[in-house]
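Colleague: Residue numbers (our numbering): 13 to 120. I have a structure I would like to understand better, so I am pasting it below and will then ask my questions one at a time.
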């Protein structure tokens with residue numbers, strides 16, 4: 013038995029009822045998920061005009077010669093290098109169709 017506000021409630025009643033404060037994070041999570049899903053789909057919602065080419069390129073370089081142990085100390089290792097060139101291409105084939113590709117070149 014649980015005593016709440018001078019009344020005796022059975023434990024099953026107390027478990028079934030949730031305070032409104034506990035429902036608020038769930039509602040906020042649902043709203044955030046819906047907004048995130050709708051904005052993600054909006055980024056690709058239009059086509060390129062006929063004959064237009066959109067190109068977005070990125071070059072990324074990584075280099076490391078040490079790593080962290082589980083205790084937080086660094087240890088030397090042989091050098092690792094990685095270069096990556098990636099592009100996003102979108103070509104307006106017609107006013108209603110865009111063809112896209114994302115080629116990537118990697119050198120390790």
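Backbone N, C-alpha and C fix where the C-beta goes; we use that ideal spot for every residue, glycine too.
#1: Hey, could you find the ends of the beta strand (DSSP E) residue 94 is sitting in?
#2: Span of the beta strand (DSSP E) holding residue 118?
#3: List the whole-angstrom C-beta distance separating residue 110 from residue 60, where the pair is believed to meet the contact cut-off of C-beta under 8 angstroms.
#4: Whole angstroms is fine: what's the gap from residue 134's alpha carbon to residue 77's?
#5: Could you compute how far the alpha carbon of residue 72 sits from the alpha carbon of residue 97?
#6: Tell me which residues share the same chain as residue 81 and place their Cβ nearer than 7 angstroms to its Cβ, disregarding the 5 neighbours each side in the sequence.
#7: Grab me the residues of residue 79's own chain with a C-beta within less than 8 angstroms of its C-beta, minus the 5 sequence neighbours each way, in chain order.
#8: If we ignore side chains and look at the alpha-carbon of each, how far apart do residue 54 and residue 95 end up?
Modeller: To lay it out plainly:
#1: First-last of the beta strand (DSSP E) with residue 94: 86-106.
#2: Unbroken beta strand (DSSP E) run through residue 118: 116-119.
#3: Distance from residue 110 to residue 60 at the Cβ level is roughly 5 angstroms; contact confirmed, criterion being Cβ atoms closer than 8 angstroms.
#4: Lying before the first or after the last residue shown, residue 134 is absent from the chain, which here runs from 13 to 120.
#5: Their backbone Cα atoms lie some 6 angstroms apart in a straight line.
#6: A distance below 7 angstroms between beta-carbons, with the five flanking residues on each side excluded, links residue 81 to the following residues of its chain, in chain order: 87.
#7: Cβ within range, chain order: 86, 87, 89.
#8: The predicted model places residue 54 with a pLDDT of 46, which falls under 50 and marks its position as unreliable, so this point remains unresolved.
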